[in-house]
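Participant:
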Amino acid sequence: MKVVYVSYPPSETGDDVPASADNALGLRPYLESQGHILVTTTETGDELDRELTDTEVLITTPFWPVYLDEDRLKSAENLRLVITAGIGSDHTDPEAAKAHGVTVAEVTGSNVVSVAEHNVLQILALVRNFVPAHAEARDGGWDVAKIAGPSHDLEGKTVGIVGLGAIGARTALRLKGFDVRMLYYANHRRSAGEEASLGVRYARLDTLVAESDVICLALPLMDGSQALFGPERLKAMKQGAWLVNTARGAIVDRDALVEAIESGHLAGYAGDTWYPQPAPADHPWRSLPEGSEAMTIHCSGMTREAQDKIAEGVHEMLEAHLAGRPMPDDFVVVDPSA
């Protein structure tokens, strides 16, 4: 069996990163000891397509995704399993995968803690004006007035969480201690007991948008969430509000966000996810006005602890596939036999 693992390049600092292309989550000894072939690469274009012609298992990642559409799946005739080393398989067309008999699975729950913590980090970075403060220290300045002017306490603010799954719920739990008012919107409302334990109150999306000082996106990219925060919804946000997005870049309209920031309607944006990924050097979110952003490069779900959980889940799925056993139900995103 041939397995292809696609991920980001190794660290230029020489740090040992388990999920990078060279380390491949430690899969090589396991696969090669059983006579299988493992190909590791950072390529996501034509060179990868040549590899996929005789590949049975593709392992990709949300952080360095392989975009799998109908044409690509059709040409990968031997492909039977696509594993997402992380959470979120929106880079694979589910209907095309099913039509071509390809199972799609991901490591459910593997990095929910790290992403939830990153949500809180980015909220605080925006509200407390941390990025300019850090730059002032690094650049040798001491302009306290410039930094203090747009810096606020989080306490007493209204935080809206869009999506209250595993990540959204853990984000809410971590924000409870900040004594904020929390609203949430989700397709499936939580029970009264769950709402009480998380410290959240359900609201319609339009109400949440209108009342929130901070909005945190914690929902998957799916039908209905593509450009969910487009020009009109961004304009409906409170003047001077902040937006945090560790979910998927395409949930926010790229150019409408730039306009909302540059006009001063929104005070800031902290995005960890982009579209496409890796983001090109000229992506406009890379050059938002100084003091209005706290951007990161989709690293929220890549802590060492998260990588260990991802590796464990990928190993489990490969073992099941090799043994001809069903994949764990909670890992399966697309089951072509269903």
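According to my numbering, the sequence shown is numbered sequentially starting from 1. Idealized CB from N, CA, C, for every residue including glycine.
Would you grab the beta carbon distance between residue 276 and residue 254 for me? Rounded to a whole angstrom, and I think it's under 8 Å.
Facilitator: Within the sequence shown, numbered from 1, the residue matching residue 276 stands at position 276. Within the sequence shown, numbered from 1, the residue matching residue 254 stands at position 254. Not a contact, Cβ separation roughly 11 Å.
Participant: Looking only at C-alpha atoms, which of 325, 313, 335, 324 sits nearest to residue 108?
Facilitator: Reading the sequence shown from its first residue, position 108 is the one you call residue 108. Comparing Cα positions, the closest option is 313.
Participant: Which residue spans inside the stretch 8 to 79 form an unbroken alpha helix (DSSP H) run of at least 4?
Facilitator: Counting whole runs of 4 or more residues, the stretch 8 to 79 contains the alpha helix (DSSP H) stretches 27 to 33, 46 to 52, 70 to 75.
Participant: Between which two residues does the alpha helix (DSSP H) holding residue 171 run?
Facilitator: In the sequence shown, the residue the question calls residue 171 occupies position 171. Element bounds for residue 171: 166 to 175.
Participant: Would you check if the distance between the CB atom of residue 353 and the CB atom of residue 168 is smaller than 7 Å?
Facilitator: The chain is shown from 1 up to 338; residue 353 falls before or after that span and cannot be answered.
Participant: Take the Cβ of residue 293 as the centre, count every other Cβ of all protein chains shown within 10 Å, and call the residue buried at 16 or more, exposed below.
Facilitator: As a working note, residue 293 is residue 293 in the sequence shown. Answer is buried; the Cβ neighbour count reaches 16.
Participant: By the DSSP assignment, the beta strand (DSSP E) with residue 201 in it spans what residues?
Facilitator: As a first step, residue 201 must be located in the sequence shown, where it is residue number 201. Residue 201 -> beta strand (DSSP E) spans 200 to 202.
Participant: Following the continuous alpha helix (DSSP H) through residue 135, name the residue where it begins and the one where it ends.
Facilitator: Walking along the sequence shown from the start, residue 135 turns up at place 135. Residues 130 to 138.
Participant: Is the stretch 29 to 47 close to the stretch 1 to 15, with three or more CB pairs under 8 Å?
Facilitator: Yes: the two stretches touch, three or more of their Cβ pairs being nearer than 8 Å.
Participant: Per DSSP, what kind of secondary structure is residue 217 in: helix, strand or coil?
Facilitator: Within the sequence shown, numbered from 1, the residue matching residue 217 stands at position 217. DSSP places residue 217 in strand when its eight states are reduced to three.
Participant: With a threshold of 8 Å on Cβ separation, who are the neighbours of residue 212 within its own chain once the five nearest residues in sequence on each side are excluded?
Facilitator: Mapped onto the sequence shown, residue 212 falls at position 212. 158, 159, 160, 183, 237, 238, 241.
Participant: Could you spell out where the alpha helix (DSSP H) holding residue 2 opens and where it closes?
Facilitator: As a position in the sequence shown, residue 2 is number 2, starting the count at 1. Here residue 2 belongs to no alpha helix (DSSP H); instead the beta strand (DSSP E) covers 2 to 6.
Participant: Have a look at the DSSP bridge pairing and note the partners of residue 208.
Facilitator: Position 208 of the sequence shown, counted from the first residue, corresponds to residue 208. For residue 208, which the question treats as bridged, DSSP gives no partner whatsoever.
Participant: Does the stretch 314 to 322 come close enough to the stretch 291 to 306 to have 3 or more Cβ pairs within less than 8 Å?
Facilitator: Counting Cβ pairs under 8 Å, fewer than three are found: no touch.
Participant: Less than 7 Å separating the beta-carbons of residue 73 and residue 57?
Facilitator: Along the sequence shown, one-based indexing puts residue 73 at 73. Along the sequence shown, one-based indexing puts residue 57 at 57. Contact flag unset, no.
Participant: Nearest by alpha-carbon distance to residue 21: which of 179, 305, 75, 61 is it?
Facilitator: Taking the first residue of the sequence shown as 1, we reach residue 21 at position 21. Considering only alpha carbons, the answer is 61.
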